[in-house]
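In my numbering, the protein residues as written are 11 to 111. Heads up, the beta-carbon is just placed ideally off N, CA and C, and yes, glycines get one too. In this text the structure is predicted, and so the values were computed from the model without any measurement. What follows is a short report on a single structure.
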């Protein structure tokens, strides 16, 4: 899939991360995998994109040593940014334009 950039703030410092959606569709539990890279760190995060934002169900797999992994607070900020980006992305039906308006 096509990577996209998200920006979040950690300790009042803006941080840019590259995120790539790894699954075309969510699984039967509503989870979708994303590869997150930034600041020499990387993780594969499974985010529940179908539930309400108050219920941030997720799992993650750090792709490097534990001392270089994203913290729990950083992961929550990343997940919120991914969910926000996914909610504002037009569906295929919304992307289609009428031939004769």
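- Only residues of its own chain outside the window of five on either side were considered, and among them 17, 18, 19, 48 and 49 have a CB closer than 8 Å to the CB of residue 25, listed in chain order.
- Residue state for residue 18 is assigned as strand, using DSSP reduced to three classes.
- Residue nearest to residue 54 within the set 60, 38, 80 and 37 is 80 (criterion: CA-CA distance).
- Within 10 angstroms of the beta-carbon of residue 84 lie 16 or more other beta-carbons, which makes it buried.
- Annotation: residue 97 to residue 41 spans about 15 Å, alpha carbon to alpha carbon.
- Taking the C-beta atoms as reference points, residue 32 is found nearer than 9 Å to residue 45.
- In the DSSP assignment, residue 60 falls outside any alpha helix (DSSP H) and carries neither an H nor an E.
- Take residue 91, set aside five residues on each side of it, and the residues of its chain with a beta-carbon closer than 6 Å to its own are 16 and 18, in chain order.
- Relative to the Cα of residue 29, the nearest Cα in the group 38, 11 and 39 belongs to 11.
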